[in-house]
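One structure is given below, encoded as structure tokens.
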Amino acid sequence: MRTLKFLLRKELLQIFRDPAIFRILFIMPMVQLLILPLAADYEIKNINLGVVDHDHSTYSRKMIDKITSSGYFRLRDYSATYTQALHAIEQDKTDLILEIPSQFERNLVKESESDLLISVNAINGVKAGLGAAYLQGIIHDYNQEIRMEWIQNLRFNPLPIIDVTSTNWYNPNMNYRVFMVPGILVMLVTMIGSSFASNNIVREKEMGTIEQINVSPIKKTQFIIGKLVPFWILAITVLTLGLILARLVYGIIPLGHYSTIYFFASIYLVAILGLGLLLSTYAQTQQQSMLVSFFVTMIFNLLSGLYTPIESMPQWAQVITWFNPVSYFIQVMRMVMLKGSSLADIEHHILAMLGFAIFFNGWAILNYRKRSG
Amino acid sequence: METEKVIRAKELTKKFGAFTAVDNISFEVAKGEIFGFLGANGAGKTTAMRMLCGLSLPTSGTASVAGFDVYKESEAIKKNIGYMSQKFSLYEDLTVTENISFYAGIYGLNDRQIKEKTSQLLAQLHLVGEEKSLVRSLPLGWKQKLAFSIAIVHDPAIVFLDEPTGGVDPIARREFWSMIYAASARGITIFVTTHYMDEAEYCDRVSIMVDGRIDALDSPMNLMKEFEVNSMDDVFLQLARNAQRIEG
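Residue numbers (my numbering), protein chains in the order written: chain A, 12 to 384; chain B, 37 to 284.
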């Protein structure tokens with residue numbers, strides 16, 4: 012116990028003495044948390060629209076007005092022919108062409124139907140898909156308006172319309188920040204856990220101080236706990252700062268209890284720190300440990316469900332996410348924050364995380380050798 | 037009169053794959069002795085020392101240090117030895133006193149003892165006024181003396197020094213050796229590797245390793261007589277000249 016006290020004191024002294032570590036640990040995550048959620052947004056805005064209007068009628072102008080006033084589109088090109096409009100896409104001036112045929116208004120009034128053509132630049136798949144969908148939505152709306160104008164005198168709508176009303180549960184305003192901030196927070200805490208802890212031990216290897224530790228009566232569990240605890244405290248501190256920031260800046264207040272988040276985070280951090288320790292027992296230089304932990308955390312983050320829903324991943328990738336501790340924490344964060352889930356609701360997540368914690372730390376302790384060869 | 041032996045090695049061998057780093061060495065070191073462990077670079081000194089310290093597992097042979105077996109009781113050995121590696125191994129980003137109290141603490145000294153040791157070491161090393169300096173900022177000679185003092189802060193039975201004076205100026209080396217004598221006078225057995233033949237002459241007995249084997253083991257005086265030369269330098273050269281291994 013006393014040995015542990017000396018180990019912890021030494022570790023904390025070193026961490027707080029190094030201004031670079033301190034900056035990286037606190038300022039960097041805070042800046043990320045302030046910038047990323049505002050920028051990394053799934054909503055597509057500022058889609059550059061090119062219009063080819065062969066009709067030049069009141070209706071066609073009204074429709075273009077409606078599209079541009081939606082806020083999602085910017086009218087960037089107004090060409091006389093489709094070929095010219097295509098040229099604008101080639102030059103990357105526009106993302107989308109809306110071609111309005113001549114006789115658009117006449118056909119609409121006389122035959123009560125008319126055609127429109129939408130061409131999309133699909134280099135950016137998400138932008139193209141969502142852009143086309145938005146445009147169709149707006150045109151559909153516009154269509155309804157015209158129909159109302161012409162058939163308002165009829166008692167019954169001649170064409171039955173199925174109107175779908177959707178309600179957004181748990182995040183009623185579809186606020187992406189509410190969705191992203193908890194996830195980004197998980198990412199930050201994970202980085203601190205895995206790369207900082209592993210780098211720290213590898214640094215001792217590089218400096219040769221680990222040899223001095225290995226030749227002393229310090230037990231390997233003491234040494235590992237001595238490394239685990241300080242980074243656990245740091246990561247919990249960063250989590251706390253992040254939650255405060257989420258509340259003050261984004262007004263994100265979890266529906267569930269903070270205690271649920273902390274309870275899960277405590278176990279999660281033991282698991283992630285264990286992973287960091289495990290990496291450090293294999294790496295010989297800080298470069299190796301940096302690259303390996305970069306690789307591992309990148310895969311963990313991309314397969315965590317932070318950016319893309321796990322449900323829409325291919326089956327084999329979904330299987331990988333079962334072995335990804337990050338995805339569990341992101342789920343828990345979102346469940347507690349948005350759905351108000353309690354400890355009972357995240358029981359499975361807790362059990363899985365305990366498994367991870369035992370697995371990584373057990374392996375790390377087995378693989379850490381005071382005596383080589 | 038049979039003196040107490042604190043290190044006994046018998047046919048100790050260490051192989052790394054096909055390479056035999058330490059080849060069947062046998063020797064004993066008596067309590068309080070200053071035992072010089074000489075050899076060219078790559079002769080196997082450090083490997084042999086690491087086996088005795090419990091940092092490396094021997095391939096075959098037996099050895100005991102401070103009465104404990106190197107195979108089964110390495111953790112007990114660690115309580116009773118001090119070790120100063122080739123590489124400077126204090127924490128450069130901790131201060132002088134923080135280093136002293138950390139190492140004293142992990143060897144189980146209590147707070148009162150740590151306080152006493154700290155003020156005693158600071159006075160001995162003329163580091164009063166520097167206690168709050170980071171070890172990084174000290175000159176190499178001071179660092180080495182501090183590292184040695186810390187290696188014996190818990191009064192071990194034996195201290196292992198691996199080329200402790202590498203890169204240090206002659207004055208600091210002289211001072212370092214007077215510290216070694218003082219420790220030896222306190223009853224601490226000194227096991228030291230070195231490249232400096234003048235230092236070899238300060239030892240009670242020296243062994244000279246060539247290609248993983250111990251080719252000579254006696255007091256410097258007897259060795260010079262045996263090889264009919266006037267200095268340890270010449271003894272060393274005669275033996276090392278026959279080495280097969282490329283220096284590295």
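In this text, a Cβ means the ideal position worked out from N, Cα and C, and glycines have one as well. Everything numeric in this text was worked out from a predicted model, so none of it was measured.
Rounded C-alpha distance that separates residue i from residue j
i	j	result
E160/A	L119/A	12 Å
T82/B	T229/B	8 Å
F263/B	L88/B	29 Å
D129/B	I376/A	26 Å
Y143/B	G285/A	26 Å
G68/B	I226/B	7 Å
S315/A	M301/A	20 Å
D147/B	T154/B	10 Å
G284/B	G78/B	The predicted model places G284/B with a pLDDT of 44, which falls under 50 and marks its position as unreliable; any figure quoted below should be read in that light. Whole-angstrom Cα-Cα distance: 6 Å.
F37/A	L253/B	59 Å
K114/B	D234/B	30 Å
I195/A	L44/A	7 Å
I188/B	I35/A	37 Å
I25/A	T98/B	One detail in the question is off: residue 25/A reads as Gln in this sequence, not Ile. The straight-line gap from Cα to Cα measures roughly 40 Å.
M198/A	H151/A	40 Å
R188/A	Y107/B	59 Å
L288/A	V171/B	27 Å
Where residue i falls: helix, strand or coil (DSSP)
i	result
E358/A	helix
G316/A	coil
Y310/B	An answer regarding residue 310/B cannot be provided, because it is not within the stretch 37 to 284 covered by chain B.
L275/B	helix
L93/B	coil
Y269/A	helix
R85/A	strand
M245/B	strand
I369/A	helix
E283/B	Unreliable placement is indicated for E283/B, whose pLDDT of 48 sits below 50; the coordinate value is still reported in the next sentence. Of the three classes helix, strand and coil, the one that applies to E283/B here is coil, per DSSP.
E110/A	strand
I129/A	strand
K41/B	strand
T230/B	strand
A375/A	helix
L253/B	strand
7 Å Cβ cutoff, residue i in contact with chain B
i	result
K21/A	yes
F17/A	yes
Y226/A	Checking the sequence shown, residue 226/A turns out to be Val, not Tyr. Answer yes: the Cβ-Cβ gap between V226/A and chain B drops below 7 Å somewhere.
T342/A	Note that residue 342/A is Gln in the sequence shown, not Thr. It does not; no Cβ of chain B falls within 7 Å.
G219/A	yes
T14/A	yes
Q299/A	no
Q295/A	no
Q329/A	no
R380/A	no
E222/A	yes
Selection from the options that minimises the alpha carbon distance to residue i
i	options	result
T332/A	G148/A, L196/A, T308/A, M218/A	T308/A
E199/B	V189/B, H190/B, K181/B, A193/B	K181/B
Y318/A	S300/A, I341/A, S80/A	I341/A
Q274/B	V42/B, I61/B, A76/B	A76/B
I186/B	I224/A, L109/A, F274/A, G148/A	I224/A
T95/B	A54/B, Q149/B, E111/B	A54/B
N210/A	L97/A, Q298/A, W374/A	Q298/A
G373/A	I255/A, T92/A, I235/A, Y269/A	I235/A
K121/A	I157/A, A133/A, L97/A, L128/A	I157/A
P112/A	V226/A, D66/A, L313/A, V62/A	D66/A
R241/B	S255/B, H231/B, I43/B	S255/B
Y232/B	F212/B, D269/B, S214/B	D269/B
The ligand SAM heavy atom lying under 6 Å from the CB of residue i
i	result
V42/A	Although the ligand SAM was asked about, the structure shown includes no ligands whatsoever.
7 Å Cβ cutoff, residue i in contact with chain A
i	result
G141/B	yes
D147/B	no
E283/B	For E283/B, the pLDDT reaches just 48, beneath the cut-off of 50, and the residue's location in the model is therefore unreliable, although a value from the coordinates is still provided. For E283/B, the answer is no, since every Cβ of chain A falls outside 7 Å of its Cβ.
Y107/B	no
C89/B	yes
K115/B	yes
L93/B	yes
K123/B	yes
D129/B	yes
F138/B	yes
Y119/B	yes
May I have a chain-ordered list of the alpha helix (DSSP H) segments no shorter than 4 residues that lie completely inside the segment 137-214 of chain B?
For the segment 137-214 of chain B, whole alpha helix (DSSP H) runs of length 4 or above, ordered along the chain, are 147-160, 176-187.
Runs of 3 residues minimum, wholly inside the segment 205-266 of chain A: which ones carry the beta strand (DSSP E) assignment?
For the segment 205-266 of chain A, not a single whole beta strand (DSSP E) run of length 3 or above is found.
What residue ranges within the segment 46-76 of chain B form continuous beta strand (DSSP E) runs of no fewer than 3 residues, ordered along the chain?
The qualifying runs are 55-66, 70-75.
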